[in-house]
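In the numbering used here, the protein residues as written are 50 to 483. By construction, the Cβ of each residue, glycine as well, lies at the ideal position given by its N, Cα and C atoms. Written below as structure tokens is the structure these notes are about.
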């Protein structure tokens, strides 16, 4: 299906933009497991940003989690004297046990800061290294006091980005983007090393999984020659068949940021309302894409990073975790489509900003490390949305309607696009009753 059009769309559209309501059995030596127990059970924290850990070195990449949140991986720095060059090495976090712990995975020489790591469901960590014009892939795993390495092969290309871990837990994909076409590679989980899965016309970026089988992948694509960026769906079981996914307005940039396969909730960034806005829609629904006013607080950047799973056919009730970046640092936001509120909470000291996952019962897990706690997880229960609703007046001079819905802030004439079916992909979601 296609998520399509902005405000004023017909019921035939899959989704349109419209005003809406706001809103292992391996031998390992745990690192920091003793102190993680007390810190990892932290409850809700007060609103406002947390100061970053002053002793933390600047991380070269991101903290990446498996789809089920059982493992995490990152590059971290070995201790060094002031003025010395930092030596980076991979580190794997185990998060599904009674206490979180980290296992360092250093090899005979330090890693380059541009190396990228992705955890797999069996506890191994995929690493991508660049050597000249080749991308080299290996699997790392703990073997007692040492680190084991299984070479997977290499791909000759100037650059490649590893995509978020596949929901199947055993596969990993890399995207090599060019101006005229982009190559999608299966770099782990194949039978004979890296395998070319699809060549997609245009320049692609992003990467969001649409199902739990690891079949449907959404990418943001700009066609050769320029033009707007539109999210497309790539069917990995049909030779990389590409289908339009987001078509909000003909000239708008429509990017998919997050998707929840259980409820169908989509988090979208688009400039269809006249300027760049964060909105939400439902995959397979006839309801419109909405751009809540509460998701654009002044002087900060808001980016979603986790959606509560398990809310079958209940997208409006899903809790969404957002990273909020401002002059004071980074902190956490929690929002539900039906709630029309953005709750702002302090992040734990040393939080890997933008990393976290939800449990099915609405508890947000945030991994962090600081001088006192080398490895821990803060657990925050999603705040409720009880109490009086916020004012519904919009910053664009419009007001909410009698039903109390938030204005979308759209200032351009409505445009309706014909939705395009997604073919045989098992992604249909029935529209909830009004």
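Element boundaries [beta strand (DSSP E), containing residue i]
| i | result |
| --- | --- |
| residue 374 | 369-375 |
| residue 429 | 425-430 |
| residue 186 | 183-192 |
| residue 165 | 165-168 |
| residue 317 | 314-319 |
| residue 247 | 244-250 |
| residue 382 | 378-384 |
| residue 342 | No beta strand (DSSP E) contains residue 342, which DSSP labels as neither H nor E. |
| residue 121 | 120-126 |
| residue 324 | That residue, residue 324, is in no beta strand (DSSP E); it is neither H nor E in DSSP. |
| residue 287 | Here residue 287 belongs to no beta strand (DSSP E), and DSSP marks it neither H nor E. |
Close-in-space but distant-in-sequence residues of the same chain around residue i (CB under 7 Å, 5 per side omitted)
| i | result |
| --- | --- |
| residue 208 | 225 |
| residue 488 | Summary: the structure shown does not reach residue 488, with the chain confined to residues 50 through 483, and so no result is reported for it. |
| residue 128 | none |
| residue 279 | 270, 293, 295, 296, 303 |
| residue 360 | 311, 312, 366, 367 |
| residue 199 | 187, 188 |
Contact set for residue i: own chain, Cβ-Cβ below 6 Å, skip 5 residues either direction
| i | result |
| --- | --- |
| residue 362 | none |
| residue 78 | Bear in mind that the predicted position of residue 78 carries a pLDDT of just 40, short of 50, making it unreliable; the figure below should be weighed with that in mind. Counting only Cβ-Cβ distances below 6 Å, and skipping sequence neighbours, we find nothing. |
| residue 248 | 230, 232 |
| residue 197 | 190 |
| residue 167 | 113, 175, 211, 214, 221 |
| residue 371 | 351, 353, 382 |
Closest residue to residue i among the options (Cα-Cα distance)
| i | options | result |
| --- | --- | --- |
| residue 169 | 237, 417, 283 | 237 |
| residue 309 | 254, 259, 384, 416 | 259 |
| residue 173 | 420, 350, 187 | 187 |
| residue 315 | 298, 368, 301 | 368 |
| residue 326 | 353, 336, 332 | 353 |
| residue 157 | 151, 138, 175 | 138 |
| residue 318 | 255, 364, 378 | 255 |
| residue 155 | 171, 412, 408, 136 | 136 |
| residue 313 | 365, 241, 126, 277 | 365 |
| residue 339 | 151, 330, 345 | 330 |
| residue 193 | 171, 427, 420, 153 | 153 |
Residues of its chain near residue i, where Cβ-Cβ distance is below 8 Å and the 5 sequence neighbours each way are ignored
| i | result |
| --- | --- |
| residue 434 | 72, 385, 387, 388, 389, 390 |
| residue 145 | 117, 118, 119, 120 |
| residue 375 | 98, 348, 349, 350 |
| residue 234 | 204, 209, 222, 223, 224, 225, 243, 244, 245, 246 |
| residue 182 | 205, 206, 207 |
Beta carbon of residue i nearer than 8 Å to that of residue j
| i | j | result |
| --- | --- | --- |
| residue 243 | residue 202 | yes |
| residue 267 | residue 305 | yes |
| residue 261 | residue 284 | no |
| residue 418 | residue 425 | yes |
| residue 488 | residue 272 | The chain is shown only over 50 to 483; residue 488 falls outside these bounds and no answer can be derived. |
| residue 289 | residue 246 | yes |
Supposed close pair residue i, residue j - CB separation, criterion 8 Å
| i | j | result |
| --- | --- | --- |
| residue 223 | residue 211 | 5 Å |
| residue 337 | residue 409 | Not really, about 28 Å apart at Cβ, beyond 8 Å. |
| residue 301 | residue 321 | 4 Å |
| residue 307 | residue 356 | 6 Å |
| residue 151 | residue 140 | 5 Å |
Test: residue i CB closer than 8 Å to a CB of chain C
| i | result |
| --- | --- |
| residue 356 | In the displayed structure, chain C is absent; only one protein chain is listed. |
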